[in-house]
Every structure is written in structure tokens, then in C-alpha cells.
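**Q**
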Amino acid sequence: MAAPFAFAIPAHDRKLIPDGRFSGTMSWVMAIMLFLTLLAAAAAISLGNAANQGSDTLASEATVQLLDPDPAARAAQQKAVAELLRRTQGVEAVTVIPEAQSRKLIEPWLGEAANDADIPVPALIDVRFDSPPTVATLRQVQQSLRRVSQSVRIDSHASWMEPFVSLMQTLFLLALSVMLLLLLATAATVVLSVRGALNTHRTTIEIMHMMGSTDIQAARLFQRRVALDALFGGMVGLLAAILVLWLLGSRFSALEPGLLADAGMPLYGWLLLVVIPVGVAALAMLTARWTVLSALKKII
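Quick note on numbering: the sequence shown equals residues 265 to 564 in this note's numbering.
#1: Using CA coordinates, which residue listed in 298, 312, 382 is at the minimum distance from residue 430?
#2: Under 8 Å, with one C-beta from each stretch per pair, do the stretch 439-450 and the stretch 286-306 reach the 3-pair mark?
#3: Does the beta-carbon of residue 551 have 16 or more other beta-carbons within 10 angstroms, so that it is buried, or is it exposed?
#4: Residue 481 by DSSP, collapsed to three states: which one?
#5: Can you check the stretch 321-362 for any beta strand (DSSP E) of at least 3 residues that lies completely inside it and give the ranges in chain order?
#6: DSSP on residue 291, reduced to helix/strand/coil?
#7: Between residue 285 and residue 490, what straight-line distance do the alpha-carbon atoms span, to the nearest angstrom?
#8: DSSP three-state label for residue 555, please.
#9: To the nearest angstrom, how far is it from the Cα of residue 437 to the Cα of residue 308?
#10: If distances are taken between C-alpha atoms only, which option among 325, 341, 379, 411 comes closest to residue 626?
#11: Name the two residues that bound the continuous alpha helix (DSSP H) containing residue 403.
#12: Less than 8 Å between the CB atoms is what I'm expecting for residue 417 and residue 329, so what's the real figure, rounded?
#13: Count the other CB atoms within 10 Å of the CB of residue 540; is the residue buried (16 or more) or exposed (fewer)?
#14: If I measure Cβ to Cβ from residue 559 and keep anything under 7 Å in the same chain, skipping five residues before and after, which residues do I get?
#15: Applying the 10 Å Cβ sphere with the 16-neighbour rule, what's the burial state of residue 493?
#16: Would you decide whether residue 383 is buried or exposed? Buried here means 16 or more other CB atoms lie within 10 Å of its CB.
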């Protein structure tokens, strides 16, 4: 006995409900819907990945600032503080920021004046802890550093980057919501298409019933047609989405490392993009089957 969801059906049965050979609008509508769904999914995956990596990385990092106005004293204090930090328990890495790089950071606001030696800039040290430090830990480290310099200040990256991470998480939820809405719209499109095809072939279905066919046999004809349309649309949408994502990826790779450095597509994201069209085809088959069986109970 054939399974009720069998995809392959005899050729003479397929002639009862022609597949359309991808010439109808259904397959192209599915392609557009899948294209938009895949872009929304890619955005959700990338933003979620960036938010997770960004929050994990930033939670363990801090910046030490030395505000002594004397350049010579500031440079000496920077070296001494860096050595003390390297001996501090829980500190994984210490990076001394050169003064030229510090001045480059304020150049967008001060212009050429940022390179004026008369304008003091804080001496900076980047610190990475082996685990996210608590407020009490940061306060304790700052107190120990003040034995070297009274002008020292330590700021956690997580505190000033929290709004950015929160924004990324909000955008992730928005992209995920858009993807789910597009999947619902795709299911609604399948329902409308199947109902239209069912009305078109109503006479054929009635003759099939008179000859002893069951509702499940009729449903298999429609679900096969919908599955072919969904698979064709999924392939077209997937290829278009991959092309767009590749173009966007090349643009992002040209940017300097910054806030969006972690907004990339992980390996599992690419695998998920390949799985989504197959899942949508299965969803379309189930939707078509449910639509046909529900409609036949009312009209037959």
C-alpha cells in the first residue's frame, strides 16, 4: 500500500492534474517568497551571531586610561601599569596602545589638531580578562593600579557597548519575526493556489470519486504539483539569496574591523539556508494536503 505522502505517482494519474512545467505564476511567487525568507533568515542568523559574539567578547574586556597631563610621566605610568596588569590574577592579555594610535582615534572630532603635541591625550591600555569581571573586581583592580598613578581609570567595554548589543538583539528578533511572517504568507499563498486549482479541476475530482478514487488519492495529485512548484521556487530563491549574500559579504569584508566585524554568516547558517527551501517544500505539501482534504469534505 502506497504511503499517503508518497511523492512519486503513476504517469497516467499525473495527467489528471498537470504539473504546469513551472510555467505558472505559483512557482515564481514561491521563488520570490523563498528569496525574501532566506534573506530574513540570513539577517537573523548574522545579527544573532554578532550579538552573541560581541557580548561574550566585550564582557571580558576593559580599557585603562591614564590622564596625567605630563607626557613623560604618562608614558612611564603606562609602562608601569601594563607590567602590573600582566601580574594581576585573572588578566589574560594586556595591550599597550601607542600614543599615535590614540590620537588617531580622536582625529575624526579634532581633525589635524589631534596630532598637536600640546593637546594631551590619555594613555590607553586594553585589558582582556579570562572571565567577565564583576564591578567589584574592576574596582579592586583600579585601586591596585592607583598605587602607580592616581589618574588611572578603568572602564568596562560591556557598559558602553551594551546599547549596541541590545540593538543587535532587537534587530535579530525583528528579522526572525519577518521570516516567520513570510513563512505564514507562503502557506497562505499555497492555500489560495490549491483552492483555485481545486475549483478549476472540480469536475475531474468528481469523476475520480465516481470511479472509486478516495480523497487522499486526489490530495496526492495536488500536493505533488505544489511540491514541484515549491522546490523549483526554493532553488531559484536560494541561488538569488546566495548571490546577494555573497555581494554583501564582499562589501563587509572591505570595511575596517569595527562594530560589524562579527556580523558574518557562520557555517551552520549556510547549512540552514540550504535546509529552509526543503522545509518549505514539505510545509507546502502538508498545507496542500490539508487544504484539499478540508475542501473535499465540503464539496463532495
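For each residue, glycine too, the CB sits at the ideal point set by N, CA and C.
**A** So, from the listed chains and residues:
#1: Looking up residue 430 in the sequence shown gives position 166. Here the closest residue by C-alpha is 312.
#2: Verdict: yes, contact present.
#3: Taking the first residue of the sequence shown as position 1, residue 551 is located at position 287. So residue 551 ends up on the buried side.
#4: Counting from one through the sequence shown, the residue named residue 481 turns up at place 217. DSSP places residue 481 in helix when its eight states are reduced to three.
#5: For the stretch 321-362, whole beta strand (DSSP E) runs of length 3 or above, ordered along the chain, are 325-330, 355-361.
#6: To locate residue 291, count along the sequence shown from 1; it is residue 27. In this structure, DSSP gives residue 291 a helical state, which the three-state scheme calls helix.
#7: Walking along the sequence shown from the start, residue 285 turns up at place 21. Walking along the sequence shown from the start, residue 490 turns up at place 226. With a pLDDT of 45 at residue 285, under the threshold of 50, the predicted position of this residue should be treated as unreliable, though the coordinate-derived value follows. Here the alpha carbons of residue 490 and residue 285 stand approximately 11 Å from one another.
#8: In the sequence shown, the residue the question calls residue 555 occupies position 291. Residue 555: helix per DSSP, three-state reduction.
#9: For the purposes of this step, residue 437 is taken as the residue at position 173 of the sequence shown. For the purposes of this step, residue 308 is taken as the residue at position 44 of the sequence shown. Approximately 7 Å, taken between the alpha carbons.
#10: There is no way to answer for residue 626, as the model of the chain reaches only from 265 to 564.
#11: Taking the sequence shown and counting its residues from 1, the one referred to as residue 403 is at position 139. Looking at the DSSP string, the run of the alpha helix (DSSP H) that includes residue 403 is 399-409.
#12: Residue 417 sits at position 153 when you count from the first residue of the sequence shown. Residue 329 sits at position 65 when you count from the first residue of the sequence shown. Yes, residue 417 and residue 329 are in contact; Cβ-Cβ is about 5 Å, under 8 Å.
#13: In the sequence shown, the residue the question calls residue 540 occupies position 276. With 16 or more Cβ atoms within 10 Å of its Cβ, residue 540 is classed as buried.
#14: Counting from one through the sequence shown, the residue named residue 559 turns up at place 295. Result list for residue 559: 459, 462, in chain order.
#15: Taking the first residue of the sequence shown as position 1, residue 493 is located at position 229. That one is buried.
#16: For the purposes of this step, residue 383 is identified with residue 119 of the sequence shown, where counting begins at 1. Residue 383 is exposed by the Cβ-count criterion.
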